[in-house]
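Step one of this worksheet: look at the structure below.
Shown next as structure tokens:
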């Protein structure tokens, strides 16, 4: 592997450093801006003379970031749970029983993946209003589950086909266990790796979802983080320092999670895309 | 003794039959919940959307008139439609091209065993997990007109401030840039995975034959990376064609409709302009465009993979 001389290696490391600096700039600017008091017109490139944490307190209270964080967590948790249960259950027969009906249903799920969720906005909105689901966390959960189910089934079915041995299930069947028992006792525990992948993909995308949330969660009490930051930005566009603080707080939970569980995130998201 | 043996074999036959029977059953009950979700929240609204696209519905009143293909002729003759389609293609194809080029370069660099490798990968990848809406706001501070980070640099060179975000010819490209910055990490990781699966023996053989680095790249790396390229194209094109969040936070689709994508245009038709019928028509066009482009690129790239 020693293809490079010492000087070349130094050059490549410096190139890496340059890339890092370039990619960090937007975050650096976000931090300096969020630490400055209103009326501090010094360049965004310099840190403030006196660090002011006032913005964070004001933003936290006015944008109701605590409520928003709870809502984001609540919606993400239940969406992921539904996705994992409904998705793995559906994938099992589709992966194992190659009947005509099952082949058709599998293709149907795959076809749904191509329909962009937003194109059904107009009729979906009308339906949600008719059913009295507007401004409920339930509607966000249902929408996210529907949007990610196809991909979840696709991932589970591929995993079951390639790694779960049929012999195990057959042995259990001879012992007289019924299908659901076999599934939850024997198959589901073997699906842990792909469940982790689904969990990570679902958590990242659903936590960050804005397209659905902005339509269906307009009241402050049910808003998720992106929606709360969006409306806060609309009200305070003259005070960039304040909105910078709100943005920084809003992206902290996922960033911290990422830094601690980096390996799982990168592998999970890459796996989800490769399959 | 004989009797029990007979009994056992009869019993196992019965069990075998039972297994056979359950093998042909499709266990459809297990996917009913998933099907219900998808039908209620995607298929049913989709069919309803096509119906609404043939009406002049405003989005809230009880009445709507069937107008036939009126909304469709309106869409095809509306110059905004073509502006929005052009932007959407720019977001989809432009981001894909840029993301893949930069992603591949990063992957080639970060394949090498360098001290800075791990930290660079982390930093390049991190924006992927951040909300695209907030990413747009972060760049808003960079692009802000007065006191913005980039204009500080522009002024350092003695030039006039640039009105980045209100410039209709420029801001679609800035949106592509921000989208690329955010998601280049995924392209990079997919390429790194692809590069790692390329056997080193190919390169050794090529070096013995005296192939230059560029020849090795063109004749070995690119063909063997075709599966990774396919994944990247599909992921990025679908993501780019659906772009919504970054546009909302950076430009709001403006000035006018200059940076509108099909997603944001549909949103604004429905919620700001009470033009639900027309919004549904635009939705139908969006499905068609995404379907055609995705399928065309998949078929083309799969064929390339086979050739390689």
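Chains as they are written, first to last, in UniProt numbering: chain A, 1 to 275; chain B, 1 to 308.
We put the beta carbon where it would ideally sit given N, CA and C, even for glycine.
With 8 Å as the threshold, decide whether the Cβ of residue 226 of chain A is near any Cβ in chain B. Interface residue (Cβ-Cβ distance to chain B less than 8 Å): residue 226 of chain A is classified as such.
DSSP-derived helix/strand/coil call for residue 224 of chain A: Looking at residue 224 of chain A - three-state DSSP - the assignment turns out to be coil, as it is neither helix nor strand.
So, are the CB atoms of residue 185 of chain B and residue 225 of chain B less than 8 Å apart? Residue 225 of chain B sits away from residue 185 of chain B, with the two beta carbons spaced by 8 Å or more.
Among all the DSSP beta bridges, which residues are the ones paired with residue 66 of chain B? Paired residues: B:55.
Rounded to whole angstroms, what is the Cα-Cα separation between residue 13 of chain A and residue 6 of chain A? Going from the Cα of residue 13 of chain A to the Cα of residue 6 of chain A covers about 11 Å.
Around the C-beta of residue 10 of chain B, are 16 or more other C-beta atoms found within 10 angstroms, so that it is buried, or is it exposed? Low confidence applies here, because residue 10 of chain B scores a pLDDT of 47, under 50, leaving its location unreliable; read the following figure in that light. Sixteen is the threshold: since fewer than 16 other Cβ atoms of the shown chains lie within 10 Å of the Cβ of residue 10 of chain B, the residue is exposed.
Residues of chain B with CB closer than 9 Å to the CB of residue 131 of chain A, please, in chain order. Listed along the chain, the chain B residues whose CB falls inside 9 Å of the CB of residue 131 of chain A amount to none; the nearest CB is some 10 Å away.
Taking Cβ-Cβ distances shorter than 9 Å, what residues in chain B pair up with residue 244 of chain A? Per Cβ cutoff of 9 Å: 137, 138 and 141.
Three-state class that DSSP yields for residue 191 of chain A in the structure shown: If DSSP states are grouped into helix, strand and coil, residue 191 of chain A belongs with coil.
For the alpha helix (DSSP H) containing residue 168 of chain B, list its first residue and its last residue. No alpha helix (DSSP H) holds residue 168 of chain B; DSSP gives it neither H nor E.
Using 8 Å for Cβ pairs, my map puts residue 167 of chain A next to residue 182 of chain A. What's the rounded Cβ distance? Contact between residue 167 of chain A and residue 182 of chain A is absent: CB atoms are separated by about 12 Å, not below the 8 Å threshold.
Just to confirm my understanding: we take residue 228 of chain A, look at its own chain, exclude 5 residues before and 5 after, and list those with CB closer than 7 Å. What are they? Apart from the 5 residues on each side of it in sequence, residue 228 of chain A sits with its Cβ closer than 7 Å to the Cβ of 63, 64, 65 and 68 in its chain, given in chain order.
Excluding five sequence neighbours on each side, which residues of the same chain lie with their C-beta closer than 7 Å to the C-beta of residue 52 of chain A? Correct list, in chain order: 35, 36 and 37.
Strictly below 8 Å CB to CB, what residues from chain B border residue 45 of chain A? Neighbours of residue 45 of chain A in chain B, taken as residues whose beta carbon is under 8 Å from its own, are 149 and 152 in chain order.
Going along chain A, which residues have a C-beta under 7 Å from residue 197 of chain B? One finds nothing in chain A with a Cβ atom closer than 7 Å to the Cβ of residue 197 of chain B; even the nearest lies about 11 Å away.
Indicate whether residue 92 of chain B and residue 237 of chain B have their beta-carbon atoms separated by less than 8 Å. With respect to the 8 Å criterion, residue 92 of chain B and residue 237 of chain B are classified as neighbours on the basis of their beta carbons.
Interface partners of residue 279 of chain B on chain A, CB under 9 Å: 121 and 122, listed in chain order.
Excluding the 5 residues preceding and the 5 following residue 207 of chain A in the sequence, name in chain order all residues of the same chain whose CB lies nearer than 7 Å to its CB. Taking residue 207 of chain A as the centre and dropping the five residues before and after it, the same chain places the C-beta of 72, 76 and 254 closer than 7 Å to its C-beta, in chain order.
Could you tell me whether any Cβ in chain B is nearer than 8 Å to the Cβ of residue 97 of chain A? Closer than 8 Å: yes.
Near residue 133 of chain A, which residues of its chain fall below 7 Å by C-beta distance, leaving aside the five closest residues on each side in sequence? These residues qualify, in order along the chain: 139.
Residues of chain B with CB under 8 Å from residue 143 of chain A, in chain order? Those within 8 Å of residue 143 of chain A in chain B are 41.
Below 8 Å on the Cβ atoms is my guess for residue 247 of chain A versus residue 138 of chain B; work out the distance and round it to an integer in Å. For a cut-off of 8 Å, the C-beta gap from residue 247 of chain A to residue 138 of chain B is around 6 Å, short enough to register as a contact.
Report yes if the C-beta distance between residue 91 of chain A and residue 157 of chain A is below 8 Å; otherwise report no. Cβ atoms of residue 91 of chain A and residue 157 of chain A: closer than 8 Å.
Could you give the distance in angstroms between the alpha-carbon of residue 75 of chain B and the alpha-carbon of residue 281 of chain B? In a straight line, the C-alpha of residue 75 of chain B is about 8 Å away from that of residue 281 of chain B.
Residue interval of the alpha helix (DSSP H) (run including residue 151 of chain A): That run of the alpha helix (DSSP H) goes 137 to 163.
Can you give me the C-alpha to C-alpha distance between residue 18 of chain A and residue 117 of chain A, rounded to a whole angstrom? Cα-Cα distance, rounded: 38 Å.
Between the CA atoms of residue 63 of chain B and residue 121 of chain A - distance to the nearest angstrom: Residue 121 of chain A and residue 63 of chain B have their C-alpha atoms roughly 19 Å apart.
For the stretch 152 to 164 of chain B and the stretch 78 to 96 of chain B, state whether three or more C-beta atom pairs, one from each stretch, are separated by less than 8 Å. Note that the stretch 152 to 164 of chain B does not touch the stretch 78 to 96 of chain B; fewer than 3 beta-carbon pairs, one per stretch, sit closer than 8 Å.
Assuming the contact rule is C-beta atoms closer than 8 Å, residue 249 of chain A and residue 60 of chain A should be a hit. Round their C-beta distance to whole Å, please. That belief holds up - the Cβ atoms of residue 249 of chain A and residue 60 of chain A are roughly 6 Å apart, short of 8 Å.
If we require 3 or more residues per run, which beta strand (DSSP E) segments fall completely within the stretch 190 to 266 of chain A? At a cut-off of 3 residues, not a single continuous stretch assigned as beta strand (DSSP E) sits fully inside the stretch 190 to 266 of chain A.
Is the CB of residue 91 of chain B under 8 Å away from at least one CB in chain A? Closer than 8 Å: no.
Alpha carbon of residue 165 of chain A to alpha carbon of residue 189 of chain A, nearest angstrom: Residue 189 of chain A has its alpha-carbon roughly 13 Å from the corresponding atom of residue 165 of chain A.
Can you name the start and end residues of the alpha helix (DSSP H) that residue 74 of chain A belongs to? First-last of the alpha helix (DSSP H) with residue 74 of chain A: 65 to 96.
Helix or strand or just coil, what does DSSP make of residue 187 of chain B? Helix at residue 187 of chain B.
I need the boundaries of the alpha helix (DSSP H) containing residue 114 of chain B, first residue and last residue. Here residue 114 of chain B belongs to no alpha helix (DSSP H), and DSSP marks it neither H nor E.
Closest to residue 189 of chain B by C-alpha separation, out of B:269, B:52 and B:117, would be which residue? Ranked by how close their Cα comes to the Cα of residue 189 of chain B, the residues B:269, B:52 and B:117 have B:117 in first place.
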